[in-house]
Structure formats: C-alpha cells, structure tokens
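Asker:
Residue numbers (our numbering): -9 to 153.
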C-alpha cells in the first residue's frame, strides 16, 4: 500500500486460500475461520475494503427456490459472521433455461413467458448488511459481456429529445 497505493483488495475466492496450517488437526472449517478473521483484520489495518468471493454449498441446487441464502456459504459460518456485507447474485433465467419443456406443449408456452419475463434480469440479494437494510435489488444483465447495470422501467426512462 505504501509503495504503489491500494484502494481495494479482491480475493477470488476464499476457498482457494490456505490458513497458517499450524496444526494438522485443524479442519477446513477452522482454516476458513482463520482466513476470514485475518481478512477482516487486514481490512481494518489497511483501512481499505476487502471483497472476498466464496463458493456456495451444493444444497442450493436441491431447493425449488434457487436464491442463495447465508446458510449456503460454503465451509463456514465465519464468512457470515466476519463479513460486514454479504451479497448474492441470482439469475432466474439461468435456471429456467435448463428446464426447457418440449416445444409445442402448454408447458413450453408458459416456459417461454417465464423466459421473456426473466431474460436480461438479475437480482442482487443483500443477505447481510451490518449497518443497513437487507433485501433484493433488480438489475439488468447483459450476458454477452457479463455486465450488470441499472434496470430502468419504461416509465423511468429519460426522454431522448432532451439530449
């Protein structure tokens, strides 16, 4: 930080990191706890934000509602405990696309309507925010460039004649 400057530290992803390995008996959960505690301390020491990505457990795939929850964070409750903010990205379109029914059926017509409703949309789920509210924010998602943006509804679009 002193030599080159640092404004943000991003860890992609926590499960790829290793703990100090002081004790061979340490479980992976204990190791992840050590890592998240260290990242929190580092953020405070540097006075800079740390964004740490994490894998989710597979249990999310077994539910009907695939929206991730705090309990889906893989290998440790310490991620939830140490984080100031936990965000999840959810795209219903991703899951619907995998369930396409046979064309020409009633189910396919309903599926098409659901796809039209969800295409180009994503949700950012604020699962935890230590100093603020939780909830969901809808965003536009451009899959061709993997970009998220504001989701402006037709009534909120600016009049182009003003430009």
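Backbone N, C-alpha and C fix where the C-beta goes; we use that ideal spot for every residue, glycine too. Since the model is a prediction, treat every value here as computed from it, not as a measurement.
Classify residue 21: buried if its beta carbon has 16 or more other beta carbons within 10 angstroms, exposed otherwise.
Answerer: Buried.
Asker: Using DSSP with H/G/I as helix, E/B as strand and the rest coil, what is residue 42?
Answerer: Three-state result, residue 42: strand.
Asker: Going by C-alpha to C-alpha distance, which of 114, 123 and 121 sits closest to residue 57?
Answerer: It is 114.
Asker: Hey, how far is the Cα of residue 34 from the Cα of residue 27?
Answerer: For residue 34 and residue 27, the distance between alpha carbons rounds to 11 Å.
Asker: I'd like to check one pair, residue 19 with residue 29: are the Cβ atoms closer than 7 Å?
Answerer: No, Cβ-Cβ distance for residue 29 and residue 19 is not below 7 Å.
Asker: Note down the Cα distance separating residue 131 from residue -3, rounded to an integer number of angstroms.
Answerer: Their backbone Cα atoms lie some 26 Å apart in a straight line.
Asker: Apart from the five residues on each side of it in sequence, which residues of its chain come closer than 6 Å, Cβ to Cβ, to residue 120?
Answerer: The residues are 74.
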